[in-house]
Amino acid sequence: AQSVAQPEDQVNVAEGNPLTVKCTYSVSGNPYLFWYVQYPNRGLQFLLKYITGDNLVKGSYGFEAEFNKSQTSFHLKKPSALVSDSALYFCAVSASPSNTGKLIFGQGTTLQVKP
Amino acid sequence: GAVVSQHPSWVICKSGTSVKIECRSLDFQATTMFWYRQFPKQSLMLMATSNEGSKATYEQGVEKDKFLINHASLTLSTLTVTSAHPEDSSFYICSARFTGEVLYEQYFGPGTRLTVT
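Chains as they are written, first to last, in our numbering: chain E, -4 to 110; chain A, 196 to 312.
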């Protein structure tokens, strides 16, 4: 069965510092990995995805993520955090996006960026 | 581009009544739409996958007769919560994929907050 784990409920970082939000996954076959961000009482906004190719993926708002197959991880990173990055972040995986397209979400990590 | 809307954004209804939530892809055609449920400070739980012109596929544990899903066109899917009860109160989010999608991401609506009194 597919699963996604985000081991941290909350990540706190000072503005200007680098941030990392962790994600590990379990899927049979090739993983298709996604990061989404959710602001209060809003839907999810797509940040980036890994389908194939370069392990370092660059996305929206300066975020990037590194796919590590041996560690089954897909951590979200940003070199310099902004207060406006404070939100709820979800990692998601799909084993067959070209078929059903079903996404399995992690439990979410709240990012708090302090001025 | 790739905008998904939901209507209403919030709704309060009395126990025992039914509520319909609409999900529309505004600037693209979506053969597949997904319905999720999210409890406060929790993750999204996939309820069902909706394909245009066919019956929805429900996830295990989701009552088909309670959560009626219709995907009548390439731009509209509806979720009807029948005989709503307070435990159905939640944040319902839909998402959509392009027809012939090759980029794989889903585009999410802004969500609908349902409160059953």
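Heads up, the beta-carbon is just placed ideally off N, CA and C, and yes, glycines get one too. These numbers come from a predicted model, not from an experiment.
#### Entry: Buried/exposed call for V78 of chain E, threshold 16 Cβ in 10 Å
exposed
### Query
Span of the beta strand (DSSP E) holding L269 of chain A?
Here L269 of chain A belongs to no beta strand (DSSP E), and DSSP marks it neither H nor E.
### Task
Using a Cβ cut-off of 7 Å, pull out every chain E residue sitting near T227 of chain A, in sequence order please.
G96
### Message
Give me the subset of the segment 229 to 249 of chain A whose CB atoms are less than 9 Å from a CB atom of chain E, sorted by chain position.
### Response
Cβ contacts with chain E: F229, Y231, Q233, K236, Q237, S238, L239, M240, L241, T244.
### Query
Cα separation between G101 of chain E and G38 of chain E?
16 Å
### Task
Note down, in chain order, all residues in the segment 299 to 311 of chain A with a beta-carbon under 8 Å from any beta-carbon belonging to chain E.
Y299, E300, Q301, Y302, F303, G304, P305, G306, R308
#### Entry: Residues that F100 of chain E contacts on chain A, provided the C-beta gap is smaller than 7 Å
S238, L239
### Task
Output, in chain order, the set of chain E residues within a Cβ distance shorter than 7 Å of R219 of chain A.
What R219 of chain A touches in chain E: nothing, since even the nearest Cβ is about 13 Å away.
### Query
Whose C-beta lies closer than 8 Å to the C-beta of S204 of chain A among residues of the same chain, with five residues either side of it excluded?
Cβ contact annotation for S204 of chain A (same chain, cutoff 8 Å, sequence separation greater than five): P305, G306, T307, R308, in chain order.
### Query
DSSP beta-bridge partners for A291 of chain A?
A:M228, A:Y302
### Message
Check this for me: beta carbons of T276 of chain A and S210 of chain A, under 7 Å apart or not?
### Response
A small fix is needed here, since residue 276 of chain A is Val in this sequence, not Thr. No; because the gap between Cβ atoms is not below 7 Å, this pair is not in contact.
### Message
Looking only at its chain, what residues have a beta carbon closer than 7 Å to the beta carbon of A225 of chain A, apart from the 5 residues adjacent to it on each side?
### Response
So the qualifying residues of the chain are L269, T270, A291, R292, F293, T294.
### Buried versus exposed call for P5 of chain E [16 or more other C-beta atoms within 10 Å across all chains shown]
Residue identity differs from the one stated: residue 5 of chain E is Gln in this sequence, not Pro. So Q5 of chain E ends up on the exposed side.
### Query
Are F229 of chain A and T252 of chain A close, meaning C-beta to C-beta below 7 Å?
no
#### Entry: Min CB distance I216 of chain A to chain E below 7 Å
For I216 of chain A, the closest Cβ of chain E is not nearer than 7 Å.
### Query
Taking the alpha-carbon positions, what's the Q233 of chain A to K215 of chain A distance?
17 Å
#### Entry: Nearest-angstrom Cα separation, counted from V8 of chain E out to V52 of chain E
22 Å
### Query
What's the gap between the Cα of A(-4) of chain E and the Cα of S200 of chain A?
31 Å
### Query
Of all the residues that make up the segment 278 to 291 of chain A, which are near chain E by a beta-carbon distance shorter than 9 Å?
F286, I288, C289, S290
### Query
Does K53 of chain E come within less than 7 Å of chain A when only Cβ atoms are used?
no
#### Entry: Short-range partners of chain A found in the segment 21 to 53 of chain E, where Cβ spacing is below 8 Å
Y27, F29, Y31, N36, R37, G38, L39, Q40, F41, K44, I46
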